[in-house]
Amino acid sequence: MSVERGTMFRKVAFLTCQVGPHSKVKINLSGCNFDCKYCFAVAKKEVGRTLSVDGLLNLFAESCSSVYGNLVNDVQLTGGEPTEDPGHWDRIRLGWWQSYGEEVV
Ligand code: SF4
Numbered sequence: 095m096s097v098e099r100g101t102m103f104r105k106v107a108f109l110t111c112q113v114g115p116h117s118k119v120k121i122n123l124s125g126c127n128f129d130c131k132y133c134f135a136v137a138k139k140e141v142g143r144t145l146s147v148d149g150l151l152n153l154f155a156e157s158c159s160s161v162y163g164n165l166v167n168d169v170q171l172t173g174g175e176p177t178e179d180p181g182h183w184d185r186i187r188l189g190w191w192q193s194y195g196e197e198v199v
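Quick note on numbering: the sequence shown equals residues 95 to 199 in the numbering used here.
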C-alpha cells in the first residue's frame, strides 16, 4: 500500500468502547457534506477534537488499554462521513498494520 501515514486530520466527535456481547470500538468522525434528514446533528457538524491519523490511533490504543486491557480488532468507523475522504481510512488501516501488525476488520 503506498499511502503516506499521519498527514490526514479529521475531527473526532467521540469514541465508544462496547463491552458486550463482544469487545468493539466505535469511532465517530464528524463533519459531512451530505444532507440526510435522519442524520443526528453531532455527526454532521464539525465537532470534537481534530486528530491526525497517529493521534486517532493513539486515542484508540489508550482507550482499549484502559477499558479492555488489550487491543481489540473489531472497529467501526462511522459518521460524520468517513468516505468523504477515502484516503483517510486507508491511512488508518496502514497505521494500524504498521503499529500492531494486525488487520482491522
Ligand atoms: S453523517 Fe451520515 S447520516 Fe449524516 S448527513 Fe452525513 S451521510 Fe447523512
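For glycine and all other residues, C-beta sits at the position ideal for the given N, C-alpha and C.
DSSP state of residue i mapped onto helix, strand, coil
i    : result
V141 : coil
C133 : coil
V166 : coil
V161 : helix
S146 : strand
Residues of its chain near residue i, where Cβ-Cβ distance is below 8 Å and the 5 sequence neighbours each way are ignored
i    : result
T177 : W183
Beta carbon proximity, residue i to chain C, threshold 8 Å
i    : result
G163 : This model lacks chain C altogether; it includes just one protein chain.
Note to self: With three or more C-beta pairs closer than 8 Å as the rule, is the stretch 181-196 touching the stretch 129-145?
What the structure shows: no
Notebook entry, point to check: With a cut-off of 8 Å, do at least 3 Cβ pairs link the stretch 158-172 to the stretch 124-134?
Noted result: no
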